[in-house]
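Student:
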Ligand SMILES: [Zn+2]
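Residue numbers (our numbering): 71 to 150.
1) Can the beta-carbon of residue 75 be found less than 9 Å from the beta-carbon of residue 118?
2) Taking the beta strand (DSSP E) that residue 112 belongs to, which residues open and close that run?
3) Given this structure, state the Cα-to-Cα distance separating residue 109 from residue 85, to the nearest angstrom.
4) So does residue 97 have its beta carbon nearer than 8 Å to some heavy atom of ligand 1?
5) Helix, strand or coil: how does DSSP classify residue 90 here?
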């Protein structure tokens, strides 16, 4: 996965929130946060999680913690 502005921190990854971007916000590309356990959210508007899920290619993300995202995060680590 390559998300715009993806930035790997100690325990999470931040990247551009597609929901905020669609509204002309998140110029710093850090509103979306993906945690190590696979959860993710938008720090500005939680309703954007569905848009983030779509960007990540995770359909069932809103339902819980089962996480195909660990692999995603590994990919991000290898990029940076
Ligand atoms: Zn957002």
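Each residue gets a CB set at the ideal place from its N, CA and C atoms; glycine is no exception.
Tutor: Short version:
1) no
2) 110–112
3) 14 Å
4) no
5) helix
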